[in-house]
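Let me begin by presenting the structure, written as structure tokens, before commenting on it.
Protein chains: 2
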Amino acid sequence: MSKLKGACIFGQSGGPTSVINASASGVIQEALKQDCITEVYGAAHGIRGILEENFYDMSKEDKYELDLLKTTPSSALGSVRYKLADPDVDDTDYKRLLEVFKKYNIRYFFYNGGNDSMDTCNKVSKFMQKAGYECRVMGVPKTIDNDLWATDHCPGYGSAAKYVATSIMEVYLDARVYDTGMVTIFEIMGRNAGWLTAASALASYKGYGPDLIYLPEIPFSMEKFLDEVAEVYNRTGKVLVAFSEGCKDEQGRYIAEMGAELSKDSFGHAQLGGAAAILANAVKQRLNTKVRGIEFSLLQRCASHIGSLTDVNEAYMAGEMAVKYAVEGKTDYMVAFEREEGSEYKCKTKLVKLDEVANTEKKFPLEWINKEGNGVTEDFIKYALPLIQGESAPPKEDGLPRFAKLKKVLAKK
Amino acid sequence: MSKLKGACIFGQSGGPTSVINASASGVIQEALKQDCITEVYGAAHGIRGILEENFYDMSKEDKYELDLLKTTPSSALGSVRYKLADPDVDDTDYKRLLEVFKKYNIRYFFYNGGNDSMDTCNKVSKFMQKAGYECRVMGVPKTIDNDLWATDHCPGYGSAAKYVATSIMEVYLDARVYDTGMVTIFEIMGRNAGWLTAASALASYKGYGPDLIYLPEIPFSMEKFLDEVAEVYNRTGKVLVAFSEGCKDEQGRYIAEMGAELSKDSFGHAQLGGAAAILANAVKQRLNTKVRGIEFSLLQRCASHIGSLTDVNEAYMAGEMAVKYAVEGKTDYMVAFEREEGSEYKCKTKLVKLDEVANTEKKFPLEWINKEGNGVTEDFIKYALPLIQGESAPPKEDGLPRFAKLKKVLAKK
């Protein structure tokens, strides 16, 4: 079979993680090796960079810097939250994409992101097929939320989970230095799925974790929450709570919405955050003790200084395999992870149709939540523990991280 | 000279750091080696443990666990915030201490903490002298605030500074992924001194740091702050601000206090959260852009997973030297750090009279603050950079930190 010859373009989309650049490194370095790929472009700010013909010639980058991408957090090429219209309603963007693809003879399209990005990827794939333009389209997964469908787990999750568990272990000790009462509430990311908040249970598994864990999969009751905190407090004087920013009450309102009016992002999602302060205040009123609300905020998704080596390697592999699959002739898929059978953890890639993953969320399994709705089971620990193994961190210069420095040479128009 | 023979007791006091246990390790391991020290006691919750005869026999601990203390954050023996009375007004506690010291033949007292703890140490020292009870008293410094008098720097500062600078570098990249406007405000600890907030400038030195830095040494003006943020924002679209929790306005009010009046929600409730949330709200009102307030909270003082090896080694040395000095016959001192002359950084210990350090704060030097009052100079970078060198982290088990596990065998009464 003769291989499809042409340029490739790669884009990053959605909220960054500490390993999304590891996937970029995998895609770019593998693409640069492939003879059939004539040019390797990196889109500035995802799909928008393609629409605006704003992309970089990745062959101009040093190999050393491309390797450093593995430990450089955030989206090195720039990300975007841009929702493509339904092509049946408005195909302007799609026609423009086709125009750009034709102009640069782009025959490979790799798109790295979460649910929304897989939707974008899927729409582009279907449009190109309909237009009869031969182009291999491949989604590369990414999200600390770990909520992509049909994959065992997502690149980005392991490192964020390791950061959350480690930080909670440290604060557990800190919160116990005085023999006076104290309640500490951690607010952890996860819009609709509790995977990352559940990672706090890894700290409990080591003996330094939260007493109570609240996931968005179970409707949140302030009254039940306060009762449960009071029960632990009255018994031990110290309470650690892990709380997902995505928790909603029975009426479907986010806890954060109770305190502040929210700005919406361009997908119409509410901007979350601030729940820790609201809960801390409620606990203070109830127990009249010292309460700390700790919001991990952006820290949890960019802490490459305490990355999971397993996660970094798998993120790289997801990018690398996307290119290999595409060159082999596969298209219209997302690269997904599958655990091999056996007692030892081994992860391999598989392909999942973009249709299947676009806009489908994988929630935290209800059977892994305890019957009180305030903790997770051993099954989750078994699932998550392999994902946080191994240490990854950037090399240091002057005692501080040395991140990748890309030249970002614009492709010739 | 015959050495003073007797037991020693060691206590931890004040807010913990990620390396206060490294000093504990130094004191305990050195004391266990000394023939003239008959027993090594660790006080539970500092001075209170002595008053209540609640202390541990440290000879019962495994060497391996004592070594692990070097990378175990927080105060392993428990801390306390307990202010001893003026002995001329009320000497109850002092008489009780003397009673306990006599009962256990305690002839060495090591106390590890910041300003208040050195005050405690000083008072105990003076009382024992006055009572004619021979006891060597030695203060061991500790504070992430770096505000102890007469020492070049304090154990705990280097690691907290490394954490702050590294985390800000990571968030710098994260905050730049979208090409839309964004303001990020970091709230950093330091009640009256700006040392730790200034550490954010180390991130700027590497090219990934804050545009504006506000220290408590300069009165804070909300109007000036908003103007300065707006100026950077209008020029670049991205602003990073490092802000000390200790900043006060011209009237001496903390920003967090101002907030209670400044920002009421629609129900008339005070806006929740610390200074970061208040400033974020004010910036949002002014610029109508996306604003994130990030409070490092407890995370910044217990992040032993990204410790400075220099700091850990020096913290150990401070403890070790306290014992050596005391055995040599020194008393009534705090162990302090001095930089050796020369281009290469070398740190040695010296002794400072407890009188001199008790309750005296070392503020951030005004000459190291830029003339706009919103940044620091190169002199600070030269000062701080050596303190964050080298990597320290706990060994891992299951991909998570393995902290020291002490047996805490209570001493026989």
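From first to last, the protein sequence lines are chains H and X. Residues 1 to 413 in full-length UniProt numbering are what the first sequence lists, from first letter to last. Residues 1 to 413 in full-length UniProt numbering are what the second sequence lists, from first letter to last. Quick reminder that beta carbons are idealized off the backbone N, C-alpha and C, glycines included.
1. So, helix, strand or coil for residue 262/X, using DSSP?
2. Please name the residue or residues paired with residue 215/H in a DSSP beta bridge.
3. In this structure, how does DSSP classify residue 89/X when only helix, strand and coil are distinguished?
4. Below 8 angstroms on C-beta distance, what does residue 403/H contact in chain X?
5. I'd like the ranges of any beta strand (DSSP E) spanning at least 3 consecutive residues and lying wholly in the segment 47-96 of chain H.
6. Using 9 angstroms as the threshold, is the C-beta distance between residue 362/X and residue 146/X below it?
7. Does any CB atom of chain H fall closer than 9 angstroms to the CB of residue 238/X?
8. What is the rounded straight-line gap between the Cα of residue 402/H and the Cα of residue 71/H?
9. From residue 222/H to residue 295/H, what distance separates their C-alpha atoms?
10. In the DSSP assignment, what residue or residues form a beta bridge with residue 220/H?
11. Hey, would you say residue 220/H sits closer than 9 angstroms to residue 282/H, going by beta carbons?
12. Give a yes or no on whether 9 angstroms exceeds the smallest Cβ distance from residue 188/H to chain X.
13. Is the CB-CB distance between residue 239/H and residue 200/H below 9 angstroms?
14. Between the segment 28-46 of chain X and chain H, which residues of the former have a C-beta closer than 7 angstroms to a C-beta of the latter?
15. Which residues bound the alpha helix (DSSP H) around residue 352/H?
16. Can you look up residue 208/X in the DSSP assignment and give me helix, strand or coil?
17. Could you check how far apart the C-beta atoms of residue 50/X and residue 84/X are, in whole angstroms? I think they sit under 8 angstroms.
18. Using only CA atoms, which one of 216/H, 198/H and 81/H lies nearest to residue 160/H?
19. So, are the CB atoms of residue 170/X and residue 308/H less than 9 angstroms apart?
20. In the segment 287-305 of chain H, which residues sit with their C-beta less than 8 angstroms from some C-beta in chain X, listed in chain order?
21. Does the beta carbon of residue 399/H sit closer than 9 angstroms to a beta carbon anywhere in chain X?
22. Per the contact definition of three or more C-beta pairs closer than 8 angstroms, is the segment 205-213 of chain H in contact with the segment 316-324 of chain H?
23. Measuring CA to CA, which of 14/H, 229/H, 40/H and 7/H is closest to residue 374/H?
24. Check this for me: beta carbons of residue 150/H and residue 336/H, under 9 angstroms apart or not?
25. Could you give the residue range of the beta strand (DSSP E) that holds residue 240/H?
26. Taking only beta carbons into account, state which residues of the segment 361-391 of chain X come closer than 9 angstroms to chain H, listed in chain order.
27. Based on DSSP bridge pairs, tell me the residues matched to residue 400/H.
28. I'd like the ranges of any alpha helix (DSSP H) spanning at least 4 consecutive residues and lying wholly in the segment 313-381 of chain H.
29. Is it buried or exposed for residue 366/X, if we count other Cβ within 10 angstroms and need 16 for buried?
30. Whole angstroms are fine: how far does the CA of residue 343/H sit from the CA of residue 245/X?
31. Three-state secondary structure (DSSP) at residue 288/H?
32. How about residue 27/X and residue 55/X: do their beta carbons lie closer than 9 angstroms?
33. Can you tell which of 89/H, 143/H and 86/H has its C-alpha closest to the C-alpha of residue 113/H?
34. Looking at chain H, is there any beta carbon in it that lies within less than 9 angstroms of the beta carbon of residue 165/X?
35. Taking just the CA atoms, how far does residue 299/X sit from residue 88/X?
36. If you count every other CB in all the chains shown that lies within 10 Å of the CB of residue 395/X, and 16 or more means buried, which is it?
This is what the structure gives:
1. Note that residue 262/X has pLDDT 48, beneath the 50 cutoff, so the model's placement of it is unreliable and the number below is only indicative. Helix.
2. Answer by DSSP bridge pairing: none, since residue 215/H is not bridged.
3. Looking at residue 89/X - three-state DSSP - the assignment turns out to be coil, as it is neither helix nor strand.
4. Proximity of chain X to residue 403/H at the Cβ level (cut-off 8 angstroms) is accounted for by 169, 173 and 208, in chain order.
5. DSSP runs (the beta strand (DSSP E)) wholly in the segment 47-96 of chain H: 55-57.
6. In this structure, residue 362/X places its C-beta atom within 9 angstroms of the C-beta atom of residue 146/X.
7. So, not an interface residue.
8. C-alpha of residue 402/H to C-alpha of residue 71/H: approximately 9 angstroms in a straight line.
9. One alpha carbon belongs to residue 222/H, the other to residue 295/H, and they sit about 18 angstroms apart.
10. Answer by DSSP bridge pairing, in chain order: 249/H.
11. Going by C-beta atoms, residue 220/H is not nearer than 9 angstroms to residue 282/H.
12. The beta carbon of residue 188/H sits no closer than 9 angstroms to any beta carbon of chain X.
13. Taking 9 angstroms as the Cβ cut-off, residue 239/H and residue 200/H do not qualify as a contacting pair.
14. Those would be 45, in chain order.
15. Counted as a single uninterrupted DSSP element, the stretch harbouring residue 352/H is not any alpha helix (DSSP H) but the beta strand (DSSP E) occupying residues 347-353.
16. Note: residue 208/X maps to coil in three-state DSSP.
17. Wrong, their Cβ atoms sit about 11 angstroms apart, outside the cutoff.
18. Residue 160/H has its Cα closest to that of 198/H, out of 216/H, 198/H and 81/H.
19. Their beta carbons are not under 9 angstroms apart, which means residue 170/X does not touch residue 308/H by this criterion.
20. Listed by position, the residues of the segment 287-305 of chain H near chain X (Cβ gap below 8 angstroms) are 292, 293, 294, 295, 297, 298, 299, 301, 302, 303, 304 and 305.
21. It does; some Cβ of chain X falls within 9 angstroms.
22. The answer is no - the segment 205-213 of chain H does not touch the segment 316-324 of chain H, with fewer than three Cβ pairs under 8 angstroms.
23. The shortest C-alpha to C-alpha distance from residue 374/H to any of 14/H, 229/H, 40/H and 7/H is the one to 229/H.
24. Yes.
25. Note, residue 240/H: beta strand (DSSP E), 238-244.
26. Listed by position, the residues of the segment 361-391 of chain X near chain H (Cβ gap below 9 angstroms) are 385, 386, 387, 388, 389, 390 and 391.
27. DSSP lists 397/H as partners of residue 400/H.
28. Scanning the segment 313-381 of chain H from its first residue to its last, the whole alpha helix (DSSP H) runs of 4-plus residues come out as 354-357.
29. Residue 366/X is exposed by the Cβ-count criterion.
30. Using only the alpha carbons, I get a separation of about 49 angstroms.
31. Coil at residue 288/H, not helix or strand.
32. The Cβ atoms of residue 27/X and residue 55/X lie no closer than 9 angstroms to each other.
33. The closest CA to that of residue 113/H, considering only 89/H, 143/H and 86/H, is found on 143/H.
34. Closer than 9 angstroms: yes.
35. Looking at the two C-alpha atoms, the distance is approximately 40 angstroms.
36. The residue is exposed, with fewer than 16 neighbouring Cβ atoms inside 10 Å.
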